Amino acid sequence: MYSSGAMIDVKQFRLESDEWKRTLELLLLENAYLKNRLAEIVNVSSTTLLFLEKAEDYQNRFMQKDEVINLMRQDIHEFDRLLAACGPENKEMLKSIRQRQQTLRKELMLLESTFSLLKVQFRDML
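Following UniProt numbering, the numbering of the sequence shown begins with 1 at its first residue and continues without gaps.
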């Protein structure tokens with residue numbers, strides 16, 4: 001049986017992991033919306049070569065974000081596997097999980113920040 005402190009840690013880790021998954025799902029949906037919006041604009045407007053080059057650049061950047069999001073999803077899945085394997089009173093494993101949690105937090109914050117910047121740049125380009 002887990003000690004109450006370890007049980008709280010594991011529960012908190014799981015709750016945060018679920019929150020990360022929801023955030024990534026929202027980012028994927030928003031990224032899909034931006035790709036669709038870009039396609040609509042390219043299809044209905046009389047576009048210049050310069051605009052088409054910019055549109056291609058944004059399409060590539062959106063696809064890169066999808067890749068980063070999917071990599072983050074894999075990392076979170078691995079984090080969940082570590083949580084499931086964490087035995088009672090395994091302080092070393094909890095320490096490792098805590099370090100991984102901090103890394104994932106930073107990576108997700110960076111992803112959200114760069115994605116927000118990409119959205120602003122895309123809207124400004126339109």
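No residue lacks a Cβ here, since even glycine has one placed at the ideal position from N, Cα and C. It should be emphasised that the depicted structure is a prediction, and the values quoted were computed from it without experimental measurement.
Residue i: which of the options sits nearest, CA to CA?
{"i": "LEU126", "options": "ARG73, THR23, VAL42, SER17", "result": "VAL42"}
{"i": "LEU26", "options": "GLU78, ASN90, ASP66", "result": "ASP66"}
{"i": "GLN12", "options": "LEU94, LYS119, GLU30, LEU117", "result": "LEU94"}
{"i": "residue 127", "options": "ASP9, VAL10, LEU108", "result": "Here the chain has residues from 1 to 126 only, and residue 127 is not among them."}
{"i": "TRP20", "options": "LEU49, TYR58, THR103, SER96", "result": "THR103"}
{"i": "VAL10", "options": "PHE115, CYS86, SER116, PHE122", "result": "CYS86"}
Assuming residue i and residue j make a contact with CB atoms under 8 Å, what is their CB distance in whole Å?
{"i": "ARG100", "j": "LEU111", "result": "Going by Cβ atoms, the distance from ARG100 to LEU111 rounds to 16 Å, so no, they are not a contact pair."}
{"i": "LEU24", "j": "ARG73", "result": "6 Å"}
{"i": "LYS35", "j": "GLN59", "result": "7 Å"}
Are residue i and residue j close, meaning C-beta to C-beta below 8 Å?
{"i": "ARG37", "j": "LEU118", "result": "no"}
Inset, instruction - For the segment 91-116, list the alpha helix (DSSP H) runs that are entirely contained and at least 4 residues long, ordered along the chain. - result: none
Inset, instruction - Starting from the N-terminal side, write out each stretch of the alpha helix (DSSP H) that is 4 residues or longer and does not extend beyond the segment 2-44. - result: 4-44
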